[in-house]
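**Q** In order, the protein sequences belong to chains C and V. Letter 116 of the first sequence, counting from 1, is numbered 520 in the working numbering, and no numbers are missing. Letter 104 of the second sequence, counting from 1, is numbered 113 in the working numbering, and no numbers are missing.
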Amino acid sequence: GAVVSQHPSRVICKSGTSVKIECRSLDFQATTMFWYRQFPKKSLMLMATSNEGSKATYEQGVEKDKFLINHASLTLSTLTVTSAHPEDSSFYICSAPLGQGVNGYTFGSGTRLTVV
Amino acid sequence: AQSVTQPDIHITVSEGASLELRCNYSYGATPYLFWYVQSPGQGLQLLLKYFSGDTLVQGIKGFEAEFKRSQSSFNLRKPSVHWSDAAEYFCAVGRNTDKLIFGTGTRLQVFP
Numbered sequence: 405g406a407v408v409s410q411h412p413s414r415v416i417c418k419s420g421t422s423v424k425i426e427c428r429s430l431d432f433q434a435t436t437m438f439w440y441r442q443f444p445k446k447s448l449m450l451m452a453t454s455n456e457g458s459k460a461t462y463e464q465g466v467e468k469d470k471f472l473i474n475h476a477s478l479t480l481s482t483l484t485v486t487s488a489h490p491e492d493s494s495f496y497i498c499s500a501p502l503g504q505g506v507n508g509y510t511f512g513s514g515t516r517l518t519v520v
Numbered sequence: 010a011q012s013v014t015q016p017d018i019h020i021t022v023s024e025g026a027s028l029e030l031r032c033n034y035s036y037g038a039t040p041y042l043f044w045y046v047q048s049p050g051q052g053l054q055l056l057l058k059y060f061s062g063d064t065l066v067q068g069i070k071g072f073e074a075e076f077k078r079s080q081s082s083f084n085l086r087k088p089s090v091h092w093s094d095a096a097e098y099f100c101a102v103g104r105n106t107d108k109l110i111f112g113t114g115t116r117l118q119v120f121p
């Protein structure tokens with residue numbers, strides 16, 4: 405149970421285009437979704453927290469206009485990388501807390517973005 | 010401020026040797042602590058977690074970790090390492106629906 409499906413797993417796009425990454429909670433309602441970015445051989449850095457029906461909260465240094473996060477329903481959160489550049493190439497992964505009483509977090513399988 | 014420190018960036022051990030990966034945390038409340046493993050190009054797999062109770066927790070793949078409140082530590086151990094354990098290991102701290110904060114990771118290399 406408590407599965408988050410992340411799609412696509414890999415994407416290659418041209419500089420200047422936008423890419424949307426989706427995370428769907430399959431068997432539970434994810435009121436909150438955390439979006440992380442991982443550079444090669446580095447740790448997971450929290451980019452933003454999305455909450456269903458409200459604006460996302462971005463971590464310091466993350467460009468909110470570059471990384472658009474939408475959490476329109478209790479089962480879907482999306483991250484759109486706008487006007488992508490090669491430096492946006494990275495591994496992006498979403499995570500949903502399982503909530504009080506259950507505890508823990510579930511993760512999507514990640515998206516490898518390559519901008520050429 | 011909430012943070013997780015993994016002092017060892019890279020550890021090399023021989024197959025069959027014991028392993029201990031260090032993790033120290035800073036958290037305002039009683040933390041929930043996690044260890045994850047990541048193979049190259051893959052997502053995260055939960056090894057074990059601590060919420061409360063017995064401070065020695067058992068996880069998958071023969072791993073265990075001990076929560077020491079006085080030392081703000083949650084070190085991961087394995088008595089005998091296998092070549093398949095070579096991967097990146099992340100310690101993380103969070104609570105309920107709070108954001109999960111990761112350490113910088115420790116890369117484990119295993120020699121035959």
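Where is the CB? At the ideal position from N, CA and C, for every residue including glycine.
1) Mapping the DSSP letters down to three states, classify G103 (chain V) as helix, strand or coil.
2) Can you look up S79 (chain V) in the DSSP assignment and give me helix, strand or coil?
3) Taking G405 (chain C) as the query, report the chain V residues whose CB atoms sit under 7 Å from its CB, ordered along the chain.
4) Using the DSSP secondary-structure output, state which residues sit across from E426 (chain C) in a beta bridge.
5) Using the Cα positions of T486 (chain C) and Q67 (chain V), report the straight-line distance between them to the nearest angstrom.
6) Please look up how many angstroms separate the CB atoms of F60 (chain V) and A74 (chain V), rounded, as I've assumed it's under 8 Å.
7) Any beta-carbon of chain C closer than 8 Å to the one on T106 (chain V)?
8) Here's a check: name, in chain order, each residue in its chain whose Cβ is nearer than 6 Å to the Cβ of R441 (chain C), leaving out the five neighbours to either side.
9) Tell me whether R104 (chain V) is buried or exposed, calling it buried when 16 or more other Cβ atoms sit within 10 Å of its Cβ.
10) Please tell me whether A406 (chain C) and L483 (chain C) are closer than 8 Å, where the distance is taken between their beta carbons.
11) State yes or no: is the C-beta of P49 (chain V) nearer than 7 Å to some heavy atom of the ligand NAP?
12) Please report the straight-line C-alpha distance between K87 (chain V) and S429 (chain C), rounded to a whole angstrom.
13) Put I18 (chain V) into one of helix, strand or coil per three-state DSSP.
**A** Considering the structure as presented:
1) In the second sequence, the residue the question calls residue 103 (chain V) occupies position 94. Three-state DSSP puts G103 (chain V) in a strand.
2) Your numbering for residue 79 (chain V) matches position 70 in the second sequence. Helix at S79 (chain V).
3) The residue labelled residue 405 (chain C) in the question sits at position 1 within the first sequence. From the beta-carbon of G405 (chain C), no residue of chain V is found nearer than 7 Å; the closest lies around 14 Å away.
4) Sequence index remark: in the first sequence, residue 426 (chain C) carries index 22 (1-based). Paired residue(s): C:H411 and C:T482.
5) Here the question's residue 486 (chain C) lines up with position 82 in the first sequence. Here the question's residue 67 (chain V) lines up with position 58 in the second sequence. Approximately 43 Å, taken between the alpha carbons.
6) Here the question's residue 60 (chain V) lines up with position 51 in the second sequence. Here the question's residue 74 (chain V) lines up with position 65 in the second sequence. Wrong, their Cβ atoms sit about 12 Å apart, outside the cutoff.
7) The residue labelled residue 106 (chain V) in the question sits at position 97 within the second sequence. Chain C, which has a Cβ nearer than 8 Å to the Cβ of T106 (chain V), makes this yes.
8) In the first sequence, residue 441 (chain C) corresponds to position 37, counting from 1. For R441 (chain C), the CB contacts under 6 Å within the same chain, skipping 5 residues up- and downstream, are M449, M451, S494 and Y496 in chain order.
9) For the purposes of this step, residue 104 (chain V) is identified with residue 95 of the second sequence, where counting begins at 1. It is buried - the Cβ of R104 (chain V) has at least 16 other Cβ atoms within 10 Å.
10) The residue labelled residue 406 (chain C) in the question sits at position 2 within the first sequence. The residue labelled residue 483 (chain C) in the question sits at position 79 within the first sequence. Going by C-beta atoms, A406 (chain C) is not nearer than 8 Å to L483 (chain C).
11) This structure lacks the ligand NAP; in fact it carries no ligand of any kind.
12) Counted from its first residue, the second sequence places residue 87 (chain V) at position 78. Counted from its first residue, the first sequence places residue 429 (chain C) at position 25. K87 (chain V) and S429 (chain C): Cα-Cα distance of roughly 33 Å.
13) Taking the first residue of the second sequence as 1, we reach residue 18 (chain V) at position 9. The answer is coil: DSSP assigns I18 (chain V) none of H, G, I, E or B.
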